[in-house]
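Numbered according to UniProt numbering, the sequence shown terminates at residue 393, and the numbering increases by one at each position without gaps. Using N, Cα and C, we set each Cβ at its ideal position, and we do this for glycine too. A short write-up of the structure that comes next.
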Amino acid sequence: MPTSEPTSVPAAGTPARPSALRVAILGTRGIPARYGGFETFAEQLAVRLVQRGFEVTVYAEADGPVQPDQMYRGVRVRFRRRRRWGPASVIAYDCACLWDARRGYDLVYMLGYGAAWACWWPRVWGTPVWINVDGLEWARSKWSGLARLYLRLMEWAATRTATCLIADADAIARRFRQRYPRGAPCTTIAYGADVVDPAQVPVEPLAAWGLTPAQYALVVARPEPENHILEIIEGFLQHGGQWPLVVVGDVSGATAYQRRLLALRSPRVRFIGPVYDSAGLTALRAHAAVYLHGHSVGGTNPSLLESMACGSLVIAHDNPFNREVAGDIADYFDSPTSLAAALEKLYRQPPAVLQRRRRWARDIIRRRYDWDRIADAYVRLIRRQTGHDRAPH
C-alpha cells in the first residue's frame with residue numbers, strides 16, 4: 001500500500017457523517033507504522049475501515065507536549081503523552097488513551113491487555129470495548145516475576161472488562177475459551193500480509209550486507225529466549241555448509257542472553273542489527289535461501305507471514321501457532337539437532353519441489369491472510385456487535 005505523511009486537521013474539523021460508525025484503535029505508538037506488528041496492523045486496518053465508510057481514530061504517542069490531531073490517509077491520529085517511567089510508562093499511556101476515548105465512539109479497540117483493568121472506563125459510558133489478546137505476553141522471558149504476575153492478572157481482567165476478545169490465531173482463542181469459559185467471547189480474526197513477487201524485488205539492497213541472493217539463511221526476531229535464536233544458530237552450525245546465517249534484530253549485548261548469541265558470531269553467523277527500511281527488509285526476505293522462525297509464545301507472527309508472503313522456504317519452531325499458519329509448507333524443529341536435520345532435508349529437495357513450496361506459501365497468504373479479507377471480517381463483526389448490520393454510507 002502507498003504511504004504518506006500525516007497532515008494537520010483543519011481547525012474547524014470535518015463534519016461527521018451521521019451514519020458513520022466511529023471506531024477508536026488504542027495500544028499502538030501510532031501511524032504511519034514505523035515500529036512493529038501492532039502499528040502495522042493498526043495502519044492496515046484503520047485505512048481500510050475508512051475506505052469502507054467508518055470514521056477511525058488511532059491513538060499515538062507524544063514524547064513531549066501533546067500535538068494537535070492529524071489526518072493520515074483519512075484516519076484521525078490523536079496524540080496522548082507517554083511519560084518515561086520504564087515499563088509502567090506503557091500502562092500509563094494506555095490508560096491515558098482509554099480515559100480520552102471513554103466516550104464519543106461507537107467502539108473502542110484496545111490492542112494488548114496490559115491495561116485491561118482500565119477498559120472499564122469506556123464501558124461505564126456505554127461504549128463497547130474490544131481487546132486484542134495477541135499472544136502469551138506473560139510468558140515472555142523479559143518480564144520479572146512481578147511483571148508476569150501482573151500480566152497474568154490482566155489476561156484474566158481482559159475476559160471481564162471487554163465486550164469481545166479478538167485473537168489472531170485459533171490456538172490462542174481456544175486457550176481463552178477453555179481457561180475462561182465465563183469470560184467475554186473470543187473471536188479469531190487473523191493478522192495479514194501483502195503478497196510479494198520475489199522476481200520484482202530488487203537485489204541491490206543486499207550489497208549493503210555483502211550478501212548474494214539465495215545464498216544465505218535468515219532470522220528476523222527480537223533477541224529473547226522464547227524466539228529460540230540460540231537454538232537456531234547452534235543447529236545452523238551443526239549443519240555445516242558455506243552460506244552465512246543472517247540475524248536481523250537488536251543484538252547489542254545488553255543482556256546475558258544477547259552476550260551468549262554474540263559469542264557465536266563468525267563469518268557464518270552475522271548479526272546485522274535491526275533493519276527498519278522496509279525495502280531492505282523485503283529484499284532480505286525475498287532473496288533468502290531459507291527463513292528460520294523460532295517464535296513460540298505469540299499467536300500469528302507478522303514476521304512469519306511476511307516471509308511466507310515473499311515465498312520463503314520456512315523452517316519454524318514446532319508449536320501450535322506456527323503450525324496453524326504454515327501448515328505443511330514448512331518444516332519444523334524443536335532442538336538444534338532437529339533444525340540441522342531439517343536444513344539437510346531442505347537442501348536435498350529438487351528445485352522444482354522448492355519452487356512449488358514457495359508458490360504454496362504465497363497462496364496461503366492470499367487465501368487466509370489478505371488484508372482486505374481481514375478488514376471485511378472486522379466490518380462484519382463491528383456491524384453485528386454494534387447493531388448496525390447494514391453498510392455505512
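Round the Cβ separation of residue 264 and residue 253 to the nearest angstrom and send it over; I've been treating them as touching at under 8 Å. Their Cβ separation, rounded to whole angstroms, is 12 Å, which puts residue 264 and residue 253 out of contact at 8 Å.
Secondary structure of residue 120, DSSP reduced to three states: The answer is helix: DSSP assigns residue 120 an H, G or I state.
Sheet register partners of residue 332 (DSSP bridge): According to DSSP, which records beta bridges pairwise, residue 332 is partnered with 316.
What distance in whole Å lies between the Cβ atoms of residue 114 and residue 91, which are believed to be in contact at a cut-off of 8 Å? About 5 Å separates the two Cβ atoms, so the contact holds.
Could you please give the first and the last residue of the uninterrupted beta strand (DSSP E) stretch that includes residue 291? Segment 290-293, the beta strand (DSSP E) holding residue 291.
Whole angstroms are fine: how far does the CA of residue 223 sit from the CA of residue 404? Residue coverage of the chain in this structure runs from 1 to 393, which leaves residue 404 outside it and unanswerable.
Can you give me the start and stop residues for the alpha helix (DSSP H) that residue 47 sits inside? Segment 37-51, the alpha helix (DSSP H) holding residue 47.
With a CB to CB cut of under 8 Å and the five nearest residues on each side skipped, what residues in its chain are close to residue 290? The beta carbon of residue 290 sits closer than 8 Å to those of 217, 218, 312, 313, 314, 315, 343, 346, all from its chain and outside the five residues before and after it, given in chain order.
How would you call residue 102, buried or exposed, if buried means at least 16 neighbouring beta carbons within 10 angstroms? Residue 102 comes out buried.
In terms of residues, what are the limits of the alpha helix (DSSP H) holding residue 62? Element bounds for residue 62: not the alpha helix (DSSP H) but the beta strand (DSSP E), 55-62.
Does DSSP put residue 24 in a helix, in a strand, or in coil? Judged by DSSP in its simplified three-state form, residue 24 adopts strand.
Do residue 172 and residue 161 have their C-beta atoms within less than 9 Å of each other? With respect to the 9 Å criterion, residue 172 and residue 161 are not classified as neighbours on the basis of their beta carbons.
For residue 394, the residue or residues it bridges with in DSSP: Residue coverage of the chain in this structure runs from 1 to 393, which leaves residue 394 outside it and unanswerable.
Neighbour-count burial assignment, residue 221, 16 or more Cβ in a 10 Å radius: By the neighbour-count criterion, in which a residue is buried when 16 or more other Cβ atoms sit within 10 angstroms of its Cβ, residue 221 is buried.
What whole-angstrom Cβ distance do residue 59 and residue 80 have, given they're in contact under 8 Å? Correct: roughly 6 Å between the Cβ atoms.
What does a CB cutoff of less than 8 Å around residue 94 pick up in its chain, not counting 5 residues either side in sequence? Cβ within range, chain order: 26, 27, 110, 112, 114, 115, 118.
So residue 259 is in the beta strand (DSSP E); what residue range does that whole segment cover? From DSSP, residue 259 is part of no beta strand (DSSP E) but of the alpha helix (DSSP H) over 256-262.
Cβ distance (whole Å) where residue 309 is taken to contact residue 194 below 8 Å: At roughly 6 Å, the Cβ-Cβ gap stays under 8 Å, so residue 309 and residue 194 are in contact.
From which residue to which residue does the beta strand (DSSP E) around residue 180 run? In the DSSP assignment, residue 180 falls outside any beta strand (DSSP E), carrying neither H nor E.
Let me know if residue 12 comes out buried or exposed under the rule of 16 or more other beta-carbons within 10 Å of its beta-carbon. Note that residue 12 has pLDDT 33, beneath the 50 cutoff, so the model's placement of it is unreliable and the number below is only indicative. Exposed: under 16 other Cβ atoms inside 10 Å.
Can you tell which of 247, 288, 296 has the C-alpha that lies nearest to the C-alpha of residue 273? Among 247, 288, 296, the Cα nearest to that of residue 273 belongs to 247.
Would residue 304 and residue 293 be called neighbours here (beta carbons separated by less than 9 Å)? Taking 9 Å as the cut-off, the beta carbon of residue 304 is found closer than this to the beta carbon of residue 293.
Using DSSP bridges, identify the partner residues of residue 154. According to DSSP, residue 154 bridges with nothing at all.
Assign residue 382 to one of two classes, buried (16 or more other C-beta atoms within 10 Å of its C-beta) or exposed (fewer than that). Answer is buried; the Cβ neighbour count reaches 16.
Where does residue 288 land, buried or exposed, given buried means 16+ other C-beta within 10 angstroms? It counts as buried.
Helix, strand or coil, according to DSSP, for residue 130 in the structure here? For residue 130, the three-state secondary structure derived from DSSP is strand.
7 Å CB neighbourhood of residue 360 in its chain, flanking five on each side removed: Taken in chain order, the residues that qualify are 329.
Excluding sequence positions up to five away, which residues of its chain have a Cβ less than 7 Å from the Cβ of residue 44? Closer than 7 Å at the Cβ level, and outside the excluded window around residue 44, lie 192, 371.
Do residue 165 and residue 184 have their beta-carbon atoms positioned less than 9 Å apart in this structure? Against a cut-off of 9 Å, the Cβ pair of residue 165 and residue 184 comes out as a contact.
Continuous alpha helix (DSSP H) stretch holding residue 74: start and end: Looking at the DSSP string, residue 74 is not in any alpha helix (DSSP H), and its letter there is neither H nor E.
Where residue 95 falls: helix, strand or coil (DSSP): Note: residue 95 maps to helix in three-state DSSP.
Does the distance from the C-beta atom of residue 205 to that of residue 134 stay below 9 Å? If you check the CB distance, residue 205 and residue 134 do not come in under 9 Å.
Where residue 166 falls: helix, strand or coil (DSSP): Reduced to three states, the DSSP call for residue 166 is strand.
Under the three-state reduction of DSSP, which class applies to residue 19: helix, strand or coil? Residue state, collapsed to three classes: coil.
First and last residue of the beta strand (DSSP E) that includes residue 103? Run containing residue 103: none; DSSP gives neither H nor E here.
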